[in-house]
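If you're matching positions, the sequence shown starts at 18 in my numbering and goes up one per residue. All C-beta atoms in this analysis are idealised placements derived from N, C-alpha and C, irrespective of residue type, glycine included.
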Amino acid sequence: MQKQLFNLNTGERESIEWPPETIDDVLPYVPREQHLELRLLVNSGKSVADAAIIAIENAMRLPLSQRSR
Numbered sequence: 018m019q020k021q022l023f024n025l026n027t028g029e030r031e032s033i034e035w036p037p038e039t040i041d042d043v044l045p046y047v048p049r050e051q052h053l054e055l056r057l058l059v060n061s062g063k064s065v066a067d068a069a070i071i072a073i074e075n076a077m078r079l080p081l082s083q084r085s086r
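Structure representation (C-alpha cells):
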C-alpha cells in the first residue's frame, strides 16, 4: 500500500510505501523537532508507522479528539 505524505525537505507531496520499514523512510516527512520523539517511540516498541503518525500529529498540535491513534 502507498500513502501520500508531504516531504518537508522538497516541499512536494510524495507517495511512499506504507507501512514504512525504517525510521529513515519517514524522517523527510516528520518535522525535525519531532525526530527525537519518533526515535524514542520506536525504541519503546511502537511501529515505525505508528510512531510517525504520533510524531506528526504532535507537531500539528491536533486535539486528542482528532488524532488517528
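Would you kindly work out how many angstroms separate the C-alpha atoms of I71 and L22, rounded to a whole number?
Along the sequence shown, read from residue 1 onward, the residue named residue 71 stands at position 54. Along the sequence shown, read from residue 1 onward, the residue named residue 22 stands at position 5. One C-alpha to the other measures close to 14 Å.
Residue nearest to N24 in terms of C-alpha spacing, selected from P36, L44, E34 and M18:
As a working mapping, residue 24 is identified with position 7 in the sequence shown. Residue L44 is the option with its Cα nearest to N24.
According to the neighbour-count rule (16 or more other Cβ atoms, all chains shown, within 10 Å of its Cβ), is P80 buried or exposed?
Position 63 of the sequence shown, counted from the start, is the residue given in the question as residue 80. P80 is exposed by the Cβ-count criterion.
Would DSSP call D81 helix, strand or coil?
Position 64 of the sequence shown, counted from the first residue, corresponds to residue 81. Looking at the sequence itself, residue 81 is Leu, so the reference to Asp does not match. Here L81 sits in helix by DSSP.
Buried or exposed: Q51, going by 16 or more other Cβ atoms within 10 Å of its Cβ?
As a first step, residue 51 must be located in the sequence shown, where it is residue number 34. Per the 10 Å Cβ criterion, buried.
Would you call L57 buried or exposed, if buried means 16 or more other Cβ atoms sit within 10 Å of its Cβ?
Here the question's residue 57 lines up with position 40 in the sequence shown. Answer is exposed; the Cβ neighbour count stays below 16.
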